[in-house]
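**Q** First to last, the protein sequences are chains A and B. The first sequence runs 1 to 160 under full-length UniProt numbering. The second sequence runs 1 to 831 under full-length UniProt numbering. Structure incoming, see below.
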Amino acid sequence: MTRISLTVDGASVSDDVEPRMLLVHYLREKLGKTGTVIGCDTSNCGACTVHLNGTSVKSCNVLAVQADGAEVTTIEGLARDGELHPVQEAFRECHGLQCGFCTPGMIMQSVALLQENPKPSEEEIRLGLEGNLCRCTGYHNIVRAVQHASGQAETAGATS
Amino acid sequence: MTAVQERPGAEIGRDRRRKEDQRLITGRTRWTDNLQLPGMLHLAMIRSPFAHATIASIDKSEAEKATNVVAVFTAADLGESLGACINAWAITTDQVTPAHPPMPADRVTFAGEIVAVVVARSAAEARDAAELVDVEYDELPAALDLKEAAEATPENGGALAHPDLGTNKSALWTFDSAEAGTGGNVDEAIEKARTDGILIEREYRQQRLIPAFMEPRSVVVDPTGEQITMWSATQIPHILRFALAATTGVPESKIRVIAPDVGGGFGGKLQQTPEEMIAFAVARRLGKPVKYTETRSESLMSGHHGRDQWQRLTLAATKDGTVTGLKVDLLADLGSYVAIVGGGVPVLGAFMFNAIYKFPAYRFNCQTVLTNKTWTDAYRGAGRPEATYAIERLMNELAAEVGVDPLAVREKNWIKHEEFPFTTVAGLEYDSGNYEAATAKARELFGYDELRAEQRRRRESGDPVQLGIGVSTFTEMCGLAPSRVLGQLNYGAGGWEHAEVRMLPTGKVEVVTGASAHGQGHETAFSQIVADRLGVAFEDVEILHGDTQISHKGLDTYGSRSLVVGGEALVKAVDKVIEKAKPIAAHLLEASVDDLEFTGGRFSVRGTDQGMAIGEIATAAFAAHNLPDGVEPSIDSEATYDPVNFNYPHGTHLCAMEVDTETGALKMRKYVCVDDIGNIINPLIVAGQVHGGLVQGIAQALWEEAVYDESGTLVSGSFVDYLLPTAADTISFDVDHTTSPSTTNTLGTKGVGEAGTIASTPAVVNAVVDAVRHLGVNDIQMPCTPERVWKAINGAHGGGHADTEGAAAPHFDASTGMEGTVDRTTGGADA
């Protein structure tokens, strides 16, 4: 067991964890942060994407001990003071989700993408989300949601 | 009361943002794997690495000694309490259906089958201990190739998936229009076309696909209460409860199944799974709650697969391109067991090979076959994509043979809009449709003529990048369905749906539906229907579903049935509420029932300004201080609706594809679809369903394939090898619609969940083939990888056919057995 201390969604936490424990398991099982989900065992799907010190990571690819001293933001810490993050709003506005399982990871990745590139082109958005799989939306409305959040698309029309 | 201000019809047809989204975008979700119950134990499955083997021995002693391991169970330990996985569809009375134990005792029949289960205090400890279980196997010959499996007998020494059955043939299902009286004799049509017409003979492969829902399957069983409660990531909580009761002997009343938030299904969660059965048995044995959540690799290996058919087709036509007959011989790979509706999937397709066309003669033979691979069952579209692919590819071949545009040959053969209702050669009655309108709209949106002009320019200039235009017109049967018809097809259950409307004392409304959602937006669309029909505010309607305790009756969600069957059940239940409220309203308003009218959620006395909202009547019924004599103090109502017919969405899809003839690389340029699903409740949700469906169908055309090696190991067993498309692989779509309201339900709606998937696969492959047809190619096997495209262009397989199965494949005829070879140049490589 190794002692780690970190900040998760604004709250300080300390725990003894097994060195092999992945960050995603720490978040889900130790902290009850079940908004972050596990979709694969090969780091392909991106469903577990969180922010580690402001950078998006697949939390199945990070050991909990590597997060010692870090600041972690999950989907549950994205909304502040009851206000949804603009990217969360955009996903709802543009119907950028259906079953919603990939959604936390997709939103966290989109937030990071827009931090790096506030006005991405459609191609840049598609390349930026390449590490996150969605099986429901065909990505059409996810791309639209990111455009919307970046102020580049006014509405989410039902057609085209 | 808000209801008074609401305008009837204000909700239906409106782009409502979804009610479900708040919890999903904030991570406040209820996935099964999120559940933590006090004292809960965790399961890890031990799975066979062999496709077919006898289990010689299982030594679990080391695992039992491992830290925090509570128990290790084999089939022998759990015995009869394991029950059996059900098959609900014997498509023929003599279907060969092997018994399906959740955990076989002596013989495994596919790689991934469970042979033992470890129970430990944590999931990690269970998995660690699973490594310590020592299983000895004696490998048996495995039936892996579908065509070989169909031919195998004890006499010829072919491998049998279940040697005790003596055959791999499960069922032969046939339909002949001459015998059924729905059309002519197909043999005569073929003979006539052979001498004085056009005969197109082709063989198409529907590769094996994996549904690959994003949320891995998960099950939690808590046996500690008065009932046994199962939470499961399932599409079918009601059917699952029935199946558990029927196969374990535990009374239904003692079982509660909850499908909380479910992360996708696409048919893949339409099953009573071995994992659920094992978790149920272990929880009962230990008296403690247990959880099992699969890994993605386990999901791909042992969740059911879809498609996997060989289709041999003969299309007869006159020289001007009028179809005179179609003969279909199908081999369908069931895998090692006949899954819950697996045997029936190809039969759903049987009714769809004639598609939107007026075929005068039709014969369909389907042989279902057992192999030592993962079982197959419904996957988005279930039978209809396979049929649509075949006929839409054939219609393009016919157009090429006649020398006309692919749209022209369709127009020549399709049912005209004034001919509806139309009884097809397969015996279905299509209620409504307008193929002309959808096609005209799609053509215009696509810029069809301009793209054809560009295609000609590229051909003439010898551009290394050629342009292909793919057409797919489609229809499907959905809204499964009339119970009577399902009964005629030997399906084990009905096709009704149940709904209940509870009028709360405050005037708000709780609605219970038997349809169980996994991403379709039921809470939003159903709220819109109830809000309009009952005249209450959208926000005042709460939709409850996915819990057999709350929603005690239902047939769940698959086959695009939620809205067209479940939504219609809601309409019936709402109408009963209004009917029950009417005498109470009359009494309170001191008017005659005959003088009342109900509009906008309000009963009004004709010719006066007197009136009461439905919510006020709910309150009055709750108080029950002043009700007419003999009237029940409740206006709650329920309805069980059984549709009179399937319904038949249709559409025209057009795809433009750039093909690099030097490398085989493909780039989708444009995709336009115009779907006609009748009246639309929520356009935003409908467009989303179409987008997702399109990508799943495009993925079959271009990327996805479940591949087994020669030993029966699934080599596409992770997301590294099974190529789910990413955002970077796909494009934005032009989605639009036309409207031919269904005449068989009040709402006038048709299903949309599977439409995109059904239509897009042939549109894409037609586009790829169209791009290189002038180079002598008339087929490329799916998925159309750059390698296959390149080989097709370069004639690597001869005759312009790019079929990786080789130039001469074994002939099969589902009705007569497997002999000879197919002349794969029949029909010609029309260079």
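Every residue gets a Cβ at the ideal spot worked out from N, C-alpha and C, and that includes glycine. Treat the numbers as computed from the prediction; the structure is a model and nothing was measured.
Alpha carbon to alpha carbon, how far is B:G383 from B:P783?
**A** Those two C-alpha atoms are separated by around 18 Å.
**Q** Return the chain-ordered list of same chain residues with a C-beta closer than 6 Å to the C-beta of B:Y204, the five sequence neighbours on each side being excluded.
**A** The answer, listed in chain order, is Q311 and A390.
**Q** B:A316 by DSSP, collapsed to three states: which one?
**A** Strand, per DSSP.
**Q** Tell me the residue span of the alpha helix (DSSP H) that contains A:M108.
**A** Note, A:M108: alpha helix (DSSP H), T103 to E116.
**Q** Looking at the structure shown, is B:T647 part of a helix, part of a strand, or coil, going by DSSP?
**A** Here residue 647 of chain B is Asn; the residue named in the question, Thr, does not match the sequence. Strand.
**Q** Got a sec? Which residues, its chain only, sit under 6 Å from B:G149 by beta carbon, not counting five neighbours each side?
**A** The sequence given here has Ala at residue 149 of chain B, not Gly. If we look at B:A149 and ignore the five residues flanking it on each side, its Cβ neighbours are A143, N168, V369 and T371.
**Q** Any chance the region 753-770 of chain B sits against the region 688-703 of chain B, with 3 or more Cβ pairs inside 8 Å?
**A** Counting Cβ pairs under 8 Å, three or more are found: they touch.
**Q** Does the region 189-198 of chain B come close enough to the region 420-435 of chain B that 3 or more CB-CB pairs lie under 8 Å?
**A** No, the region 420-435 of chain B is not in contact with the region 189-198 of chain B.
**Q** Between B:G183 and the rest of its own chain, which residues show a CB-CB distance below 8 Å, the 5 nearest in sequence each way excluded?
**A** The residues are S177, F359, P360, A361, Y362 and V425.
**Q** DSSP three-state label for B:L467, please.
**A** It is a strand residue.
**Q** Below 7 Å CB to CB, which residues in the same chain sit around B:G519 once its five sequence neighbours on both sides are set aside?
**A** Excluding sequence neighbours, B:G519 sits near G264.
**Q** Give me the subset of the region 9-21 of chain B whose CB atoms are less than 8 Å from a CB atom of chain A, sorted by chain position.
**A** Cβ contacts with chain A: D15, R17, R18, E20 and D21.
**Q** Quick one: Cα of B:G287 to Cα of B:D94, how far?
**A** In a straight line, the C-alpha of B:G287 is about 40 Å away from that of B:D94.
**Q** If you reduce the DSSP assignment to three classes, tell me which class B:N365 lands in.
**A** In the structure shown, B:N365 sits in a strand (DSSP, three-state: E or B).
**Q** Does the beta carbon of A:D16 come closer than 8 Å to any beta carbon on chain B?
**A** Not an interface residue.
**Q** Give the residues of chain A in contact with B:E215, contact being defined as C-beta atoms less than 8 Å apart.
**A** Going along chain A in sequence order, the residues near B:E215 (Cβ under 8 Å) are V37, G39, C99 and F101.
**Q** Quick one: using the 10 Å Cβ neighbour count with 16 as the cut-off for buried, is B:V96 buried or exposed?
**A** That one is buried.
**Q** Relative to the C-alpha of A:G69, which residue among A:V111, A:G10 and A:Q88 is closest?
**A** Nearest of A:V111, A:G10 and A:Q88 to A:G69, Cα basis: A:G10.
**Q** Excluding five sequence neighbours on each side, which residues of the same chain lie with their C-beta closer than 7 Å to the C-beta of B:S560?
**A** So the list reads C478, G479, G751, V752, G753 and E754, once near-sequence residues are dropped.
**Q** Establish whether the CB of A:H148 and some CB of chain B are separated by less than 8 Å.
**A** With 8 Å as the cut-off, A:H148 does not count as an interface residue toward chain B.
**Q** Flag this pair as yes or no: are the beta carbons of A:C102 and B:M214 separated by less than 8 Å?
**A** Against a cut-off of 8 Å, the Cβ pair of B:M214 and A:C102 comes out as a contact.
**Q** In chain B, which residues lie less than 7 Å from A:C136 when you measure between Cβ atoms?
**A** Ordered by position in chain B, the residues that pass the 7 Å Cβ test against A:C136 are G264, G519 and G692.
**Q** Could you give the DSSP three-state label for B:Q206: helix, strand or coil?
**A** It is a strand residue.
**Q** Could you say if the region 703-714 of chain B and the region 661-671 of chain B meet the contact criterion of at least three C-beta pairs nearer than 8 Å?
**A** Flag = no, the region 703-714 of chain B and the region 661-671 of chain B do not touch.
**Q** What are the start and end residues of each continuous alpha helix (DSSP H) run of 4 or more residues lying completely inside the region 22-104 of chain A, in chain order?
**A** With a minimum length of 4 residues, the continuous alpha helix (DSSP H) runs that stay inside the region 22-104 of chain A are 86-93.
**Q** Exposed or buried, what is B:G800 when buried is set at 16 or more other beta-carbons lying within 10 Å of its beta-carbon?
**A** Because the pLDDT at B:G800 is just 44, under 50, the model does not fix this residue reliably, and the point stays unresolved.
**Q** Compute the Euclidean distance between the alpha carbons of B:G717 and B:N413, then round it to the nearest angstrom.
**A** Near 43 Å, if we compare the C-alpha coordinates of B:N413 and B:G717.
**Q** Can you name, in chain order, every residue of its own chain whose Cβ lies under 7 Å from the Cβ of A:M108, other than the five neighbours on each side?
**A** These residues qualify, in order along the chain: T49, V50, H51, S56 and I75.
**Q** Check for me: the alpha helix (DSSP H) holding B:D77 runs from which residue to which?
**A** B:D77 -> alpha helix (DSSP H) spans A75 to L78.
**Q** How many angstroms separate the CA atom of B:V250 from the CA atom of B:V221?
**A** Those two C-alpha atoms are separated by around 14 Å.
**Q** If we cut at 8 Å on Cβ distances, does A:E130 have a partner in chain B?
**A** Chain B contact via Cβ: present.
**Q** So is B:N626 in contact with chain E if we call contact Cβ pairs under 8 Å?
**A** The question asks about chain E, but that chain is absent: this structure's protein chains are A and B.
**Q** Please give the ranges of any alpha helix (DSSP H) in the region 207-278 of chain B, keeping only runs that are unbroken, at least 4 residues long and fully inside the region.
**A** Counting whole runs of 4 or more residues, the region 207-278 of chain B contains the alpha helix (DSSP H) stretches 237-248.
**Q** Under the three-state reduction of DSSP, which class applies to B:W414: helix, strand or coil?
**A** Strand.
**Q** Please say whether B:A88 and B:A618 have beta carbons closer to each other than 8 Å?
**A** No.
**Q** Helix, strand or coil, according to DSSP, for B:D540 in the structure here?
**A** Three-state DSSP puts B:D540 in a helix.
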